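The structure appears right after this line, and notes come after that.
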Ligand code: ADP
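In the working numbering, the protein residues as written are 241 to 395.
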C-alpha cells in the first residue's frame, strides 16, 4: 500500500519552512499531497489558485508531490486524496500545543495519524504571516520564499 501524507495549510505564501518540511518528509512517504486550504476569512496575499500554481511549479519535477486546493474539513480532503497521514510542522512550544490539539481531534474524527516534523532551527522563525507583514512594509522577502522573483512570476 502506498504511504500517502496530506500536508494541509494556508501556504499564504509557501515559505522555505514549508518547503523544508515537504523535502524532509519525502523520505517517509510515497506521495505527499499539499492541500491549500481555502479560508475566506483571511486577507490573502495570493488567491488559492495562484498558491496552488506556484507550489506546483516548485515541484514540477517531483512526481511524489501533488498540489491541490480544498474547502471544508482537512480530514475529508485527506481521505479523498487517499492519505493515511496528516503531515505538519512544529516550530515552537506555541505551535506544539496547537498541533497537539489538532492531531488529537483529527485522529478522533477520522483515525488519520498526524506526523509532526520539528522545524529546522534555521526555519524556526519563518512564518507566512511574518512574510506578509514584512512585505506590506516593502521589505524584500525573497530570502524566505523558495522561488526567486516569486512576485514577478506569480503576479
Ligand atoms: P495553517 O494556516 O494551517 O497554520 P500554515 O500554512 O501556516 O497553515 O502552515 C502549515 C503547516 O506548516 C503547519 O503545520 C505549520 O506549523 C507548518 N510550518 C509553517 N512554517 C513552518 C516552518 N518555518 N518550519 C516548519 N514548519 C512550518
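Glycine included, every Cβ here is placed at the ideal spot set by N, Cα and C. Keep in mind it's a predicted model, so treat the numbers as computed, not measured.
Proximity of residue i and residue j at Cβ, strictly below 7 angstroms
{"i": "residue 359", "j": "residue 378", "result": "no"}
{"i": "residue 357", "j": "residue 261", "result": "yes"}
{"i": "residue 355", "j": "residue 371", "result": "no"}
{"i": "residue 366", "j": "residue 255", "result": "yes"}
{"i": "residue 322", "j": "residue 272", "result": "no"}
{"i": "residue 252", "j": "residue 284", "result": "yes"}
{"i": "residue 397", "j": "residue 292", "result": "Look at the range of the chain in this structure, 241 to 395, and you will see that residue 397 is not part of it."}
{"i": "residue 352", "j": "residue 317", "result": "no"}
Simplified DSSP assignment, three categories, for residue i
{"i": "residue 269", "result": "coil"}
{"i": "residue 308", "result": "strand"}
{"i": "residue 378", "result": "coil"}
{"i": "residue 247", "result": "strand"}
{"i": "residue 298", "result": "helix"}
{"i": "residue 371", "result": "helix"}
{"i": "residue 292", "result": "helix"}
{"i": "residue 278", "result": "coil"}
{"i": "residue 366", "result": "coil"}
{"i": "residue 384", "result": "helix"}
{"i": "residue 318", "result": "helix"}
Same chain, Cβ closer than 8 angstroms to residue i, five either side skipped, listed in chain order
{"i": "residue 314", "result": "246, 248, 275, 277, 326 and 346"}
heavy atom of the ligand ADP below 6 angstroms from residue i C-beta
{"i": "residue 261", "result": "yes"}
{"i": "residue 250", "result": "yes"}
{"i": "residue 335", "result": "yes"}
{"i": "residue 359", "result": "yes"}
{"i": "residue 328", "result": "yes"}
{"i": "residue 396", "result": "Only positions 241 to 395 of the chain appear in this structure, which leaves residue 396 out of reach."}
{"i": "residue 378", "result": "no"}
Cβ shell of residue i (< 7 angstroms), same chain only, five flanking positions each side left out
{"i": "residue 339", "result": "328, 330 and 356"}
{"i": "residue 395", "result": "Unreliable placement is indicated for residue 395, whose pLDDT of 41 sits below 50; the coordinate value is still reported in the next sentence. Cβ neighbours of residue 395 beyond the five flanking positions: none."}
Checklist line | Inside the stretch 324-358 only - beta strand (DSSP E) runs reaching at least 3 residues | finding: Within the stretch 324-358, the complete beta strand (DSSP E) runs of at least 3 residues are 325-330 and 353-358.
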